[in-house]
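Position one of the sequence shown corresponds to residue 1334 (our numbering), numbered consecutively onward. Even glycine gets a Cβ: it sits at the ideal position worked out from N, Cα and C.
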Amino acid sequence: MTSYRSTIRRAALAPAALCAALVLGGCAGQSGGSAGHTAHDGASPSTGASPSTGASPSAAASSAGSAHNAADVSFARDMIPHHRQAVEMADLAVTRASSAEVRKLASEISKAQDPEIRTLSGWLTAWGEQVPARGAGHHSGHTMPGMMDEGDMSALEKSSGPAFDTAFLKLMTAHHEGAVAMAGTEVAEGAHGGAKKLARSVISSQTAEISRMRSSARG
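Pasting the structure below:
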């Protein structure tokens, strides 16, 4: 009789224990789901986005670096035609220069300044400014330091061999000196981080090329 009653009590307790287990399991599932939702709403490791700003650190830095002033605009507007003329002068060296060093230098100038023209043009477009048309300020010796006038460019186009080498080195040295001066103004007065960085690169690379050209002219 006692054994029978024990069996009955165990049978009655089993459903209660099962129910308690199910309730506890449901609570644990809800707790886990809440934690997962919180992690999803927070900063994502893959993007680094902040839930308070919605922007990644890199995007914020890019936005801050886009600030520019009148000096940046002037630098871009002037350096584009200045670079275009340098590339035109360098292109003449392909068929007219007799010196391997002059041809090599001219090739390096084209490879360096063509991408810079695209970068400067992109900035002007992003700033809502007009990109100088081809030919604008192209042969004006008075608008930008170092720019060749029509007479100088015409004489260079008509020359070849050693005469071209001599003229090219002289004119390109003056042209580079003008670019370095323009870049110096940008470094001192500009606000745009990218433009100032490009200006410092112009100063470094073209100062080195000026030394090379002066050495070639003497040699």
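- Contact check for GLU1449 against HIS1416 passes: the beta carbons are separated by less than 7 Å.
- Per DSSP, the continuous alpha helix (DSSP H) segment holding ARG1451 begins and ends at 1433 to 1459.
- Here the alpha carbons of ALA1439 and SER1487 stand approximately 18 Å from one another.
- Residue pairing for GLY1494: DSSP places it in a beta bridge opposite ALA1430.
- Separation of ALA1466 and GLY1455 (C-alpha to C-alpha, rounded to the nearest whole angstrom) is 14 Å.
- Pairing MET1422 with ALA1400, the inter-Cα distance amounts to about 34 Å.
- Shown here, GLU1522 sits in a helix according to DSSP, grouped into three states.
- In the structure shown, PRO1414 adopts helical secondary structure according to DSSP, grouped into three states.
- Residue state for ASP1424 is assigned as helix, using DSSP reduced to three classes.
- The three-state reading of DSSP puts SER1537 in helix, counting H, G and I together.
- Shortest Cα-Cα distance from PHE1408 to any of ARG1551, ALA1541 and LEU1531 involves LEU1531.
- Assignment of ARG1467 by DSSP, reduced to helix, strand and coil, places it in the coil class.
- Contact check for GLY1479 and GLU1510: beta-carbon distance about 6 Å, within the 8 Å limit, so the pair qualifies.
- Take GLN1539, set aside five residues on each side of it, and the residues of its chain with a beta-carbon closer than 7 Å to its own are HIS1509, ALA1512 and VAL1513, in chain order.
- When Cβ pairs closer than 8 Å are counted between the two stretches, the region 1514 to 1527 is seen not to touch the region 1426 to 1434, the count staying below three.
- Look at MET1480 here: in three-state DSSP terms it is coil, with no helix or strand label.
- Distance from the CA atom of ALA1403 to the CA atom of ASP1447, rounded to whole angstroms, is 23 Å.
- The residue from GLU1441, THR1499 and ALA1433 with its alpha-carbon nearest to that of GLU1542 is GLU1441.
- About 19 Å separates the beta carbon of ARG1533 from that of LEU1457, a gap too long to meet the 8 Å contact definition.
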